[in-house]
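Residue numbers (this note's numbering), protein chains in the order written: chain A, 1 to 132; chain B, 133 to 304.
Scroll down for the structure; my scribbles are underneath it.
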Amino acid sequence: MSESDPYLERAFAALRRQERRDGPAFAPLWQAAGRPRRSQRVRHFVLVAAAAPMVAAALFAAWLIRPGGPAPPHPSAGAPTISEWRPATDFLLRTPGREILGEAPPLGLGYSIGLGSSGVTGPSPSTERRSS
Amino acid sequence: MIERSQEQRLEELHPASFGWALQCCGWDRQEAEDVLQEAYVKALDGRARFDGRSSLKTWLFAVIRRTAAERRRARWARALLSLRWRDGRPEGSRAVATPEALAGDAETARGLREALSRLPVRQSEVLHLVFYQELTLEQAAQVLGISVGSARTHYHRGKTSLRERLRREETR
Chain A
1 MSESDPYLER AFAALRRQER RDGPAFAPLW QAAGRPRRSQ RVRHFVLVAA AAPMVAAALF
61 AAWLIRPGGP APPHPSAGAP TISEWRPATD FLLRTPGREI LGEAPPLGLG YSIGLGSSGV
121 TGPSPSTERR SS
Chain B
133 MIERSQEQRL EELHPASFGW ALQCCGWDRQ EAEDVLQEAY VKALDGRARF DGRSSLKTWL
193 FAVIRRTAAE RRRARWARAL LSLRWRDGRP EGSRAVATPE ALAGDAETAR GLREALSRLP
253 VRQSEVLHLV FYQELTLEQA AQVLGISVGS ARTHYHRGKT SLRERLRREE TR
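The following block contains the structure:
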């Protein structure tokens, strides 16, 4: 003790005597402490109940991704190849006269493009000039 | 885990431990018993492990104090959640139990308990550890997890304040 204080020492000694007289025995408390308590059992049950679905989900995921397991279907399975594919708006490109636009004109020949009798026929001026 | 020799030592310390548990629980006897039992549970299941760095008594007292604080915090949290307040104080706060009408020490003990319960907690704890448990200030500081200097300050202030309160009680 740091400094003696008889007045306080007497008071605390009285408190100590009284509390020790009325205190609980060691054995029952110690034995009760050794037994798993109901709250602990409940806590264990809740923990197990909460962990079980998570463990099951983890096991299922591990089974899915295991080597040699069923391969998930590829997202492009059943889709047409790029050479077969036609866009839905393809018909808009089918305009009159697209056959002419789609091929190169033969050199030295003129064209009559729907002008009737007054249509331009024969070689083009540039062809004439070159041949003379 | 606890060895047989340590169990015997705990049994020897049991009355002092109960006195300390009472102090930590504001002299609520039922709560003190629960705290002491929980401290024993911690010692048995290894949640509190004695590593020999201090005396067994100092270690056990620190475990009891921590357990009492944990239970107090849990009770306050429950009281806050359920908004159950009694007389403006959380349930189980430092209520002074009525002492049994035993002759002799009873009246002194009652007066001391009342005076101690009105002191700041740290001062009350240091005085209990020094006067009741007869620990040195160094050991008391170890139990409370504070510096020796701080424990000494609490001790001197608490002693002066307690003596005044007890004298005032006597003259009343």
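By construction, the Cβ of each residue, glycine as well, lies at the ideal position given by its N, Cα and C atoms.
Every value quoted in this text rests on a predicted model; they were computed, and no experiment measured them.
Just the Cα atoms here: how many angstroms apart are residue i and residue j?
{"i": "ARG203(B)", "j": "VAL167(B)", "result": "8 Å"}
{"i": "LYS291(B)", "j": "MET54(A)", "result": "58 Å"}
{"i": "LEU298(B)", "j": "ALA247(B)", "result": "7 Å"}
{"i": "MET34(A)", "j": "PRO73(A)", "result": "In the sequence on display, residue 34(A) carries Gly and not Met. GLY34(A) and PRO73(A): Cα-Cα distance of roughly 57 Å."}
{"i": "LEU261(B)", "j": "LEU47(A)", "result": "40 Å"}
{"i": "ALA52(A)", "j": "GLY243(B)", "result": "56 Å"}
{"i": "VAL258(B)", "j": "TRP191(B)", "result": "16 Å"}
{"i": "ILE68(A)", "j": "ILE82(A)", "result": "Note that residue 68(A) corresponds to Gly in the displayed sequence, not to Ile. Distance between the alpha carbons of GLY68(A) and ILE82(A): 31 Å."}
{"i": "GLN265(B)", "j": "TRP152(B)", "result": "8 Å"}
{"i": "LEU251(B)", "j": "SER293(B)", "result": "8 Å"}
{"i": "GLU99(A)", "j": "ALA77(A)", "result": "36 Å"}
{"i": "ARG304(B)", "j": "ALA241(B)", "result": "16 Å"}
{"i": "ALA148(B)", "j": "ARG20(A)", "result": "8 Å"}
{"i": "PRO96(A)", "j": "GLY102(A)", "result": "11 Å"}
{"i": "PRO80(A)", "j": "ALA61(A)", "result": "32 Å"}
{"i": "ALA164(B)", "j": "PHE150(B)", "result": "7 Å"}
{"i": "GLN255(B)", "j": "ALA25(A)", "result": "29 Å"}
{"i": "ASP237(B)", "j": "ARG198(B)", "result": "29 Å"}
{"i": "VAL205(B)", "j": "ILE65(A)", "result": "Residue 205(B) is actually Arg in this sequence, not Val. Going by the C-alpha atoms only, they are around 46 Å apart."}
Taking C-beta pairs closer than 8 Å, name the residues in chain A that residue i reaches, listed in chain order.
{"i": "LEU244(B)", "result": "ALA11, PHE12, ALA14, LEU15"}
{"i": "ALA273(B)", "result": "Near ALA273(B) there are no residues of chain A at all, since even the closest Cβ is about 12 Å away, more than 8 Å."}
Which chain A residues are close to residue i, counting only those with a beta carbon under 9 Å from its beta carbon?
{"i": "LEU154(B)", "result": "GLU19, GLY23"}
{"i": "HIS146(B)", "result": "GLY23, PRO24, ALA25, PHE26, LEU29, TRP30"}
{"i": "GLY151(B)", "result": "LEU15, ARG16, GLU19, ARG20, GLY23"}
Going along chain B, which residues have a C-beta under 7 Å from residue i?
{"i": "ALA52(A)", "result": "Near ALA52(A) there are no residues of chain B at all, since even the closest Cβ is about 24 Å away, more than 7 Å."}
{"i": "LEU8(A)", "result": "PHE263, LYS291, LEU294, ARG295"}
{"i": "GLY34(A)", "result": "LEU176"}
If you measure between the beta carbons of residue i and residue j, is that distance less than 8 Å?
{"i": "CYS156(B)", "j": "ALA200(B)", "result": "yes"}
{"i": "PHE182(B)", "j": "GLN138(B)", "result": "yes"}
{"i": "ALA180(B)", "j": "VAL195(B)", "result": "yes"}
{"i": "GLN169(B)", "j": "ALA32(A)", "result": "yes"}
{"i": "ARG284(B)", "j": "LEU8(A)", "result": "no"}
{"i": "LEU145(B)", "j": "LYS189(B)", "result": "yes"}
{"i": "ARG245(B)", "j": "LEU29(A)", "result": "no"}
{"i": "VAL253(B)", "j": "PHE193(B)", "result": "no"}
{"i": "GLY158(B)", "j": "SER282(B)", "result": "no"}
Give the interface partners of residue i over in chain B, defined as CB-CB distance under 8 Å, in chain order.
{"i": "LEU47(A)", "result": "Those do not exist, as LEU47(A) stays about 15 Å from chain B at its closest Cβ, beyond 8 Å."}
Name the chain A residues that come within less than 7 Å of residue i, Cβ to Cβ?
{"i": "LEU168(B)", "result": "LEU29"}
{"i": "PHE182(B)", "result": "Residues of chain A passing the Cβ test: none, with the nearest at roughly 15 Å."}
{"i": "ALA241(B)", "result": "ALA14, LEU15, GLN18"}
{"i": "VAL173(B)", "result": "ALA33"}
{"i": "ASP160(B)", "result": "Those do not exist, as ASP160(B) stays about 13 Å from chain A at its closest Cβ, beyond 7 Å."}
* Length-filtered (4 minimum) alpha helix (DSSP H) runs lying within the stretch 19 to 61 of chain A -> 26 to 34
* Runs of beta strand (DSSP E) wholly within the stretch 141 to 188 of chain B (minimum 3 residues, chain order) -> none
* **Residues of the stretch 189 to 208 of chain B whose Cβ lies closer than 8 Å to any Cβ of chain A, in chain order** => none
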